[in-house]
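Everything in the sequence shown is counted per our numbering, starting at 8 for the first residue and increasing by one. So the structure is just underneath, and the comments pick up after that.
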Amino acid sequence: MFSFDPYSPSVDADPFPAYKVLRDEYPCFWSSDAQTWMLSRYADIFSAGLDWKTYSSAKGNLMTELPNRAGATLGTTDPPRHDRLRGLIQHAFMKRNLEGMMEPIGNIARTAAEQLRGNRRFDFITEFSSKFTVRVLFAALGLPLGDEQTVRDKAVLMVQSDPLTRAKGTEHIAAYNWMQDYAARVIAQRRENPQNDLISHFSTAEIDGDRLDEREVLLTTTTLIMAGIESLGGFMSMFALNMADHGEARRAVAENPALLPDAIEESLRFNTSAQRFRRCLQKDVTLHGQTMRAGDFVCLAYGSGNRDERQFQNPDAYDIRRKPRGHLGFGGGVHACLGSAFARIATKIAFEEFHKVIPDYARAHEQLSWMPSSTFRSPLKMELLVN
Ligand code: HEM
8 MFSFDPYSPS
18 VDADPFPAYK
28 VLRDEYPCFW
38 SSDAQTWMLS
48 RYADIFSAGL
58 DWKTYSSAKG
68 NLMTELPNRA
78 GATLGTTDPP
88 RHDRLRGLIQ
98 HAFMKRNLEG
108 MMEPIGNIAR
118 TAAEQLRGNR
128 RFDFITEFSS
138 KFTVRVLFAA
148 LGLPLGDEQT
158 VRDKAVLMVQ
168 SDPLTRAKGT
178 EHIAAYNWMQ
188 DYAARVIAQR
198 RENPQNDLIS
208 HFSTAEIDGD
218 RLDEREVLLT
228 TTTLIMAGIE
238 SLGGFMSMFA
248 LNMADHGEAR
258 RAVAENPALL
268 PDAIEESLRF
278 NTSAQRFRRC
288 LQKDVTLHGQ
298 TMRAGDFVCL
308 AYGSGNRDER
318 QFQNPDAYDI
328 RRKPRGHLGF
338 GGGVHACLGS
348 AFARIATKIA
358 FEEFHKVIPD
368 YARAHEQLSW
378 MPSSTFRSPL
388 KMELLVN
């Protein structure tokens with residue numbers, strides 16, 4: 008009998024064969040392992056993303072939710088509270104001004120790439136993507152230098168879950184608590200001494216007299232550290248993996264960096280690091296002959312929708328000339344990723360610099376070890392060989 012277990016190491020390693028069975032045979036499937044309905048077809052996921060009144064995020068959006076997050080962050084609230092938070096946070100992003108970040112991001116990427124010069128073999132994650140994402144995030148949020156490695160390690164632990172208990176283990180919760188204490192200290196410093204950084208802007212963002220309250224500033228900061236480090240770093244390693252595995256695409260992109268934006272879009276479709284998010288039903292819904300009940304959890308398997316042959320031709324091919332409009336790599340609907348513009352630009356700049364130093368590379372191992380996470384998907388380590 009078919010089963011789908013989002014906590015299983017085989018799904019971490021390769022969810023795509025199971026996604027295909029889900030889409031073709033069980034498009035609305037009750038996963039008893041996750042106690043969650045699985046929606047796997049593009050059209051169903053897309054519609055659910057728009058219909059927040061039925062598919063609510065207020066009970067959390069991570070497949071294995073962190074304590075105390077539901078109802079207080081952008082990703083874990085419904086309109087109108089969500090729209091209020093989104094407006095205030097977007098306001099802070101606008102003030103920080105993405106254009107002004109381009110030069111510092113370029114410098115960070117160049118330094119990290121130059122440190123690799125002469126290496127014949129290295130771990131892309133520890134030696135490049137982690138260094139890059141942590142430094143970029145520290146610059147954007149205005150975090151004090153010195154704590155980079157610990158913050159990165161805690162952010163990565165926060166999104167993992169225990170494959171045996173299927174819940175957050177003590178080390179994951181401890182990492183989350185550490186991050187909240189850390190964020191609280193930085194917020195207090197920024198309140199006393201505001202700078203041109205995102206945390207200072209969140210603390211003071213105001214629309215029509217409305218401001219973020221203490222808990223919102225704290226959890227928004229914690230969530231952005233997690234998204235900025237984990238989602239961006241995870242995606243960069245998936246992009247490097249696609250480049251390593253598809254020689255023709257890599258050569259084209261390394262020779263002509265103007266192709267990077269299209270290659271990045273195709274990677275967001277082909278294997279985004281943000282695979283599965285969760286909603287809670289507000290009313291009974293019957294779909295493909297199955298009745299899901301109010302109060303049930305529903306997983307939107309973005310990674311599967313992106314491989315749906317009903318939406319994308321030849322979806323299992325990685326084709327950088329495809330221009331995959333409407334992919335679900337950044338989700339969709341009211342909760343579509345707020346950091347998407349930032350993530351696209353940061354990835355583009357990072358690989359422009361990386362390819363200047365290392366244009367030709369392959370992965371050192373066929374088998375990779377994957378992060379244990381029911382929501383995100385990226386390798387824990389990825390050694391590259393320089394050709
Ligand atoms: C390539 C890297 C990234 C990927 C693949 C990604 C993916 C996603 C996805 C799929 C969602 C939707 C979650 C849901 O449906 O519940 C989301 C939401 C979000 N992301 Fe990202 N993300 C990335 C980078 C970032 C960065 C760098 C930031 C911020 C600095 C960020 C901030 C957010 C926020 C705040 C939300 C919640 C938006 C809302 O609920 O209105 N993300 N992201």
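Cβ coordinates follow ideal geometry from the N, Cα and C atoms, glycine included.
Asked: Simplified DSSP state of M378, which is helix, strand or coil; Found: coil
Asked: First and last residue of the uninterrupted beta strand (DSSP E) at Q196; Found: Note, Q196: premise wrong, no beta strand (DSSP E); alpha helix (DSSP H) at 177 to 199.
Asked: Per DSSP, the bridge partner or partners of V292; Found: M299
Asked: Neighbourhood of S376 by C-beta distance below 8 Å, restricted to the same chain and skipping five residues each side; Found: P386, L387, K388
Asked: R93 Cβ short of 7 Å to the ligand HEM heavy atom set; Found: yes
Asked: Beta-carbon gap between R384 and D19 smaller than 8 Å; Found: yes
Asked: Classification of T177 by the beta-carbon crowding that lies within 10 angstroms, buried from 16 upward; Found: exposed
Asked: CB contact flag (N321, N278, <8 Å); Found: no
Asked: Buried versus exposed, by CB contacts within 10 Å (16 or more), V166; Found: buried
Asked: Span separating the alpha-carbon of S63 from that of L123; Found: 45 Å
Asked: Buried versus exposed, by CB contacts within 10 Å (16 or more), F9; Found: exposed
Asked: H342 CB to nearest heavy atom of the ligand HEM below 7 Å; Found: yes
Asked: R127 versus S347 - alpha carbon distance; Found: 33 Å
Asked: heavy atom of the ligand HEM below 7 Å from N68 C-beta; Found: yes
Asked: Cβ-based burial, G241 [other Cβ within 10 Å; buried from 16]; Found: buried
Asked: Enclosing beta strand (DSSP E) for Y368 [first to last residue]; Found: 368 to 370
Asked: Outcome for E360 when other beta-carbon atoms lying within 10 angstroms are tallied against a minimum of 16; Found: buried
Asked: The ligand HEM heavy atom lying under 7 Å from the CB of F337; Found: yes
Asked: Where P6 falls, given that 16 or more other Cβ within 10 Å makes a residue buried; Found: In the structure as shown, the chain begins at 8 and stops at 394. Residue 6 is therefore absent and cannot be evaluated.
Asked: CB contact flag (R314, D323, <8 Å); Found: yes
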